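Asker:
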Amino acid sequence: MIIKILGSGCKKCGILADNAAAAAQAAGKTAEIVKVTDFAVIAGYGVMSTPALVIDEKLVSSGKVLTADEIGALL
Numbered sequence: 145m146i147i148k149i150l151g152s153g154c155k156k157c158g159i160l161a162d163n164a165a166a167a168a169q170a171a172g173k174t175a176e177i178v179k180v181t182d183f184a185v186i187a188g189y190g191v192m193s194t195p196a197l198v199i200d201e202k203l204v205s206s207g208k209v210l211t212a213d214e215i216g217a218l219l
């Protein structure tokens, strides 16, 4: 499983990455967390506000920091 955090690398992006890692661990899944800061790549996902969360190339959230529980429900 590949989880991508799309954003500028701000504090919210870091929190989202931590929450994604915690959710994957709680679900017993092995996940690679990738931080994407290239705005051309981010725009390619159709994201207009960051941070955004992509799970296995599917955009599941943008513009907010999901909790580990919310991410776990998406896994």
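Heads up, the sequence shown stops at 219 in the working numbering, and the numbers go up one at a time, no gaps.
Where a beta carbon is used, it is the ideal one built from N, C-alpha and C, also for glycine.
Please read all numbers here as calculations on a predicted model, not as lab measurements.
1) On the DSSP letters alone, give me the boundaries of the alpha helix (DSSP H) that residue 191 sits inside.
2) Do residue 168 and residue 219 have their C-beta atoms within less than 8 Å of each other?
3) State the DSSP-derived secondary structure class of residue 185, mapped to helix, strand or coil.
4) Rank 147, 208 and 214 by C-alpha distance to the C-alpha of residue 173 and give the top, closest one.
5) Quick one: what's got a C-beta closer than 6 Å to residue 175's C-beta in the same chain, skipping five residues either side?
6) Buried or exposed for residue 194, please, with buried defined as at least 16 other CB atoms from any protein chain shown within 10 angstroms of its CB.
Answerer: From the atom records:
1) Unbroken run through residue 191: none, as it is neither H nor E.
2) yes
3) Three-state DSSP puts residue 185 in a helix.
4) 147
5) Excluding residues within five positions, the ones whose Cβ falls inside 6 Å are 145, 147 and 168.
6) Using a 10 angstroms sphere on the CB of residue 194, the tally of other CB atoms reaches 16 or more, which defines it as buried.
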